[in-house]
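Trainee: So the mapping is simple: my numbering equals the position in the sequence shown, first residue as 1, plus 44.
Cβ atoms here follow ideal geometry from the backbone N, Cα and C, with glycine treated the same way.
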Amino acid sequence: MTRFIFITGGVVSSLGKGLLSAALGALLQARGYKVRLRKLDPYLNVDPGTMSPYQHGEVYVTDDGAETDLDLGHYERFTGVPSRQSDNVTTGRIYQEVLAKERRGDYLGGTVQVIPHVTDAIKEFTLAKTGDVDFILAEIGGTVGDIESLPFLEAIRQLGQDLDPGRCVYIHLTLVPYLAAAGELKTKPTQHSVKELRGIGIQPDVLVCRTEHRLPENDTKKIALFCNVRENQVIQALDVESIYQVPLAYHEEGLDTAVLRAFGIEHEAEIDLGRWETIVERLQNPEGEVNIAVVGKYTGLLDAYKSLKEALVHGGIANRVKVNIEWIESAIFESEDRVEILEHVDGILVPGGFGSRGSEGKIAAAGFARERNIPYFGICFGMQMAVIEAARNLAGLEDANSSEFGPVDNPIVGLLTEWQTAKGTETRSEDDDKGGTMRLGAYPAKLLANSQIANIYGGAKEISERHRHRYEVNVAYRKELEKAGVLFSGMSPDGSLPEIIEIPEHPWFIGVQFHPELKSKPFDPHPLFASFIEAAVKQSRLV
Ligand code: GLN
């Protein structure tokens, strides 16, 4: 029997609802339960795929090719459970389904309404594809009180009635602000938020209070009394240094016990937190440090590179070093001399990106890394830019460029118009819709035996990684580039799409067309990040 945990947030956004969900998932897992996490997003986009990273942060891609909210990345990093399309839904997608049904005549002439049709669609989504998991943790995006989240809250309220008693538990995350002038923590915003939630018909079973200072017992009592929650179901969430301390911190405050108690589960299974203790121990006791420059376009908003940042931390965990990341706006390299500021770093990473702005700066950064023997890691766009740089400066194709930026004589990177998937051939053209039409999700790549990449993947012959791009390195230039020193060491199984390049003459110069950062976990660092940081450690000993 699958049980449901609904997680809502109040007072302000950015309280860490996603982390709370992910950490609770990890704690239940540590007690031996099977979990799956879901996100219900109230905005009207069908998915975040077409949103600017400045709007929404990173777009997290699943194996089955869904473009989803970045919280799904937290869920995977904390539980290791691969998320799927069926784990993220938005108002846009719900309405798309409801309206398609209406057009088909499925409502048999009825008036289509928010209640019950939209709420039914939300409930159907929440209950679907649960498999044999013990707990579904469903996080509701937004903050209680938002107009757009109302249908979602109504749907989860109904589920509490539809399902047998004891199958749904509601957690509400709020803020208890500290007023420096008064020298006091204030519980009123929490009281109001719960009042709002109860007005919608949802009585929280567990209250999680985010606070900068420990809650005095009196305040806990007051919150419990005014919010109609038992005192031992009020859990504090104090700030911690690293997100990987969150599961341990919540466990100490009794979160998992409170949730199980709310379900009436008394005989708690033993908990094994060894995995998290090891991670925290390694993070707190590094044996050295490395400086990595990430040369990108959205460096003003680090949420745009969420998984990437975490994967670099994981690479540090694997090597017992602290990874200092310098976020650098690539456009600054568009004047020659500025590239020199990269001189002191131990590794250069050019991440995924779109559009021509700053692309020449990324090409300059790749060239600098190549010439100075600094470890270089190019991810997706970062691989494309590195290949353009090598084409221009090693193979002598001066006008080499990507057709993403306009017509070009030597399209080293070109629009992908046809490719193979497990379901058959996919085709695209210039003027297709932008939403959901990239090469998305997991694809296999064949690795060249004895290459550096095969070595990094432990001698594997074939790997599977997640993609999100419209353009590809043009295989027509393979011979010319290989002659110039760029080895195509990973290809799509049919040999038509270059997936990985490396420069054997260089200590560590690798470009990958996929996004390895999406699959890295603190307890299972991705081999490419572990190897890149290892190379950076070696580099740091040289300078
Ligand atoms: N803009 C490039 C493309 O569409 C790279 C995309 C990316 O880095 N994710 O192919």
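Taking a contact to mean a Cβ-Cβ separation below 8 Å, would you say V383 touches A409 in this structure?
Mentor: Yes, Cβ-Cβ distance for V383 and A409 is below 8 Å.
Trainee: With contact counted as at least three CB pairs below 8 Å, one residue from each stretch, are the segment 164–175 and the segment 195–206 in contact?
Mentor: Yes, since at least three Cβ pairs between the segment 164–175 and the segment 195–206 fall closer than 8 Å, the two stretches touch.
Trainee: Could you name the residues of the same chain whose beta carbon sits closer than 6 Å to that of G189, not counting the 5 residues immediately before and after it, in chain order?
Mentor: The answer, listed in chain order, is E240.
Trainee: Assuming the contact rule is C-beta atoms closer than 8 Å, G450 and F425 should be a hit. Round their C-beta distance to whole Å, please.
Mentor: About 16 Å; that fails the 8 Å criterion.
Trainee: Using the three-state DSSP reduction, which class does P548 fall into: helix, strand or coil?
Mentor: P548 falls in the coil class under three-state DSSP.
Trainee: Could you spell out where the beta strand (DSSP E) holding K366 opens and where it closes?
Mentor: First-last of the beta strand (DSSP E) with K366: K366 to E373.
Trainee: In chain order, what residues of the same chain lie with their CB nearer than 7 Å to the CB of V452, ignoring the 5 residues before and after it?
Mentor: Same-chain partners within the cutoff: D443 and N445.
Trainee: Just checking G396 against the ligand GLN - is the residue's beta carbon closer than 7 Å to any of the ligand's heavy atoms?
Mentor: Under cutoff, so the answer is yes.
Trainee: Between E474 and chain C, is there a C-beta pair that is closer than 8 Å?
Mentor: Absent here is chain C; the protein component of the structure consists of one chain.
Trainee: Once the 5 residues before and after D316 are set aside, which same chain residues still bring their CB inside 6 Å of it?
Mentor: Closer than 6 Å at Cβ, skipping near neighbours: A74.
Trainee: Buried or exposed: Q99, going by 16 or more other Cβ atoms within 10 Å of its Cβ?
Mentor: Its Cβ having fewer than 16 others within 10 Å, Q99 is exposed.
Trainee: So what's F196 in DSSP terms, helix, strand or just coil?
Mentor: Looking at F196 - three-state DSSP - the assignment turns out to be helix.
Trainee: Would a C-beta distance cut-off of 8 Å place G53 and K350 closer than the cut-off?
Mentor: No, these two residues do not count as a Cβ contact at 8 Å.
Trainee: Along the alpha helix (DSSP H) that carries E506, what are the first and last residues, could you check?
Mentor: Premise fails: E506 lies in the beta strand (DSSP E), E506 to H513, not in any alpha helix (DSSP H).
Trainee: Where does P542 fall in DSSP's three states?
Mentor: If DSSP states are grouped into helix, strand and coil, P542 belongs with the strands.
Trainee: With distances taken Cα to Cα, identify the nearest neighbour of A434 among E448, I456, N276 and E321.
Mentor: The shortest Cα separation from A434 among E448, I456, N276 and E321 belongs to I456.
Trainee: Spatial neighbours of T481 within its chain, please: CB distance less than 8 Å, with the 5 preceding and 5 following residues excluded, ordered by chain position.
Mentor: Closer than 8 Å at the Cβ level, and outside the excluded window around T481, lie R472 and R514.
Trainee: So what's R258 in DSSP terms, helix, strand or just coil?
Mentor: In the structure shown, R258 sits in coil (DSSP, three-state: anything other than H, G, I, E or B).
Trainee: Does the Cβ of T234 have 16 or more other Cβ atoms within 10 Å, making it buried, or fewer, making it exposed?
Mentor: Burial call: buried.
Trainee: So T174 packs on T46, CB below 8 Å; how close in whole Å?
Mentor: The pair is a contact, with the Cβ atoms about 5 Å apart (cut-off 8 Å).
Trainee: Examine the ligand GLN and report whether any of its heavy atoms sits within less than 7 Å of the Cβ of R514.
Mentor: Correct: R514 has its Cβ closer than 7 Å to the ligand GLN.
Trainee: Just to confirm, does F425 get its C-beta within under 7 Å of one of the non-hydrogen atoms of the ligand GLN?
Mentor: Yes - the ligand GLN has a heavy atom lying nearer than 7 Å to the Cβ of F425.
Trainee: Can at least three beta-carbon pairs, one atom from the segment 132–146 and one from the segment 84–100, be found at a separation below 8 Å?
Mentor: They touch, by the three-pair rule.
Trainee: Looking only at DSSP bridge pairs, what is V394 linked to?
Mentor: The partner list for V394 (beta bridge, DSSP) reads G422.
Trainee: Nearer than 7 Å: is that true of the beta carbon of E448 relative to any heavy atom of the ligand GLN?
Mentor: The answer is yes for E448.
Trainee: Just mark R82 as buried or exposed, buried being the case when its beta carbon has 16 or more other beta carbons within 10 Å.
Mentor: Burial call: buried.
Trainee: Leaving out the 5 sequence neighbours to the left and right, which residues in its chain are closer than 6 Å to Q617 when beta-carbon positions are compared?
Mentor: In the structure displayed, the chain extends from 45 to 587; residue 617 sits before or after that span and is not available.
Trainee: With hydrogens ignored, establish whether the beta-carbon of Q129 is closer than 7 Å to any heavy atom of the ligand GLN.
Mentor: No, the ligand GLN has no heavy atom inside 7 Å of this Cβ.
Trainee: Could you pull the DSSP bridge partners for A182 from this structure?
Mentor: Answer by DSSP bridge pairing, in chain order: F50 and R82.
Trainee: For L59, which residues from the same chain have a beta carbon less than 7 Å from its beta carbon, with the 5 sequence-adjacent residues on both sides left out?
Mentor: Cβ within range, chain order: G53, L217, L219 and R254.
Trainee: Mind checking whether the beta-carbon of Q428 lies closer than 7 Å to any heavy atom of the ligand GLN?
Mentor: At least one heavy atom of the ligand GLN is nearer than 7 Å to the Cβ of Q428, so yes.
Trainee: Under the DSSP definition of a beta bridge, which residues are partnered with P455?
Mentor: DSSP output for P455 lists N445 as bridge partner(s).
Trainee: From I407, G360, I361 and E120, pick the residue whose C-alpha is nearest to that of E373; which is it?
Mentor: The candidate whose alpha carbon is nearest that of E373 is I407.
Trainee: Within 10 angstroms of its Cβ, does L586 collect 16 or more other Cβ (buried), or is it exposed?
Mentor: With fewer than 16 Cβ atoms within 10 Å of its Cβ, L586 is classed as exposed.
Trainee: Quick check on DSSP: helix, strand or coil for A225?
Mentor: A225 falls in the coil class under three-state DSSP.
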